[in-house]
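What follows is a set of notes on a single structure, which appears directly below.
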Amino acid sequence: MTNVVVRLAKLEDADAMGRVHVEAWQAAYTGIMPEDFLTSLDGAARAAEWRAVMERNPNPEEGRRLVAELDDNVVGLALVWPGRQKDEKGLGELIMINLTPSAWGTGVGTALLTGCVDALTQLGFAEAVLWVAADNARARRFYEREGWRTDGASKSDDFGGTIVEELRYRRSLCETSL
Numbered sequence: 033m034t035n036v037v038v039r040l041a042k043l044e045d046a047d048a049m050g051r052v053h054v055e056a057w058q059a060a061y062t063g064i065m066p067e068d069f070l071t072s073l074d075g076a077a078r079a080a081e082w083r084a085v086m087e088r089n090p091n092p093e094e095g096r097r098l099v100a101e102l103d104d105n106v107v108g109l110a111l112v113w114p115g116r117q118k119d120e121k122g123l124g125e126l127i128m129i130n131l132t133p134s135a136w137g138t139g140v141g142t143a144l145l146t147g148c149v150d151a152l153t154q155l156g157f158a159e160a161v162l163w164v165a166a167d168n169a170r171a172r173r174f175y176e177r178e179g180w181r182t183d184g185a186s187k188s189d190d191f192g193g194t195i196v197e198e199l200r201y202r203r204s205l206c207e208t209s210l
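Residue 210 is where the sequence shown ends in the numbering used here, and the numbering goes up by one at each step.
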């Protein structure tokens, strides 16, 4: 891993974020989500969505948008926010973390996930959750290697007419190294 930088996303990152978002989904969800759904994803449309969100709320107090750069190119993006679980106050959530396939296995994902944990901690959360497709073995191994554990919760989401089962992972943000 050389020259990895994790930083807050800026408006001028929107095009790269749209590209990363689509490339990551098309690679990570092949065989999990419908092919026609994945091929219909449009990087320019995603970039426009990111741009609109960042123009409306460029520096959100409640959450963070992060990007990971490898050799000055954006290859990852992540979003951390207060948890969406109504019954658990004070819980942070890793809403998304996506990397271009070219960055898989390079250490960029670990650096970006560390940045997410740091951001959630700085936002005052002691614990965080994330949702991952049950069939996404690669992502599940990654999260487990980084200390996340399933907590028994699951849900189903509809992606392009296909129901995708998701598992919730949880992690304490107060752990210290021994």
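Yeah, the Cβ is synthetic: ideal placement off N, Cα and C, and Gly gets one too.
Beta carbon of residue i nearer than 8 Å to that of residue j
i: Gly122; j: Phe157; result: yes
i: Thr138; j: Leu102; result: yes
i: Asn162; j: Ala110; result: For the record, residue 162 in the displayed sequence is Leu; it is not Asn. Not a contact, by the Cβ cut-off of 8 Å.
Three-state secondary structure assigned by DSSP to residue i
i: Ala135; result: helix
i: Ala166; result: coil
i: Ala100; result: strand
i: Leu155; result: coil
i: Arg39; result: strand
i: Leu73; result: coil
i: Glu81; result: helix
i: Glu125; result: strand
i: Gly50; result: helix
Limits of the unbroken alpha helix (DSSP H) element including residue i
i: Arg203; result: Note, Arg203: premise wrong, no alpha helix (DSSP H); beta strand (DSSP E) at 194 to 204.
Element boundaries [beta strand (DSSP E), containing residue i]
i: Ala185; result: 181 to 191
i: Gly108; result: 105 to 114
Does the region 123 to 141 come close enough to the region 84 to 92 to have 3 or more Cβ pairs within less than 8 Å? no
Indicate whether the contact test is met: 3 or more Cβ pairs, each with one atom in the region 144 to 157 and one in the region 184 to 191, closer than 8 Å. no
Should the region 51 to 58 be regarded as contacting the region 75 to 83, the criterion being three or more beta carbon pairs within less than 8 Å? yes
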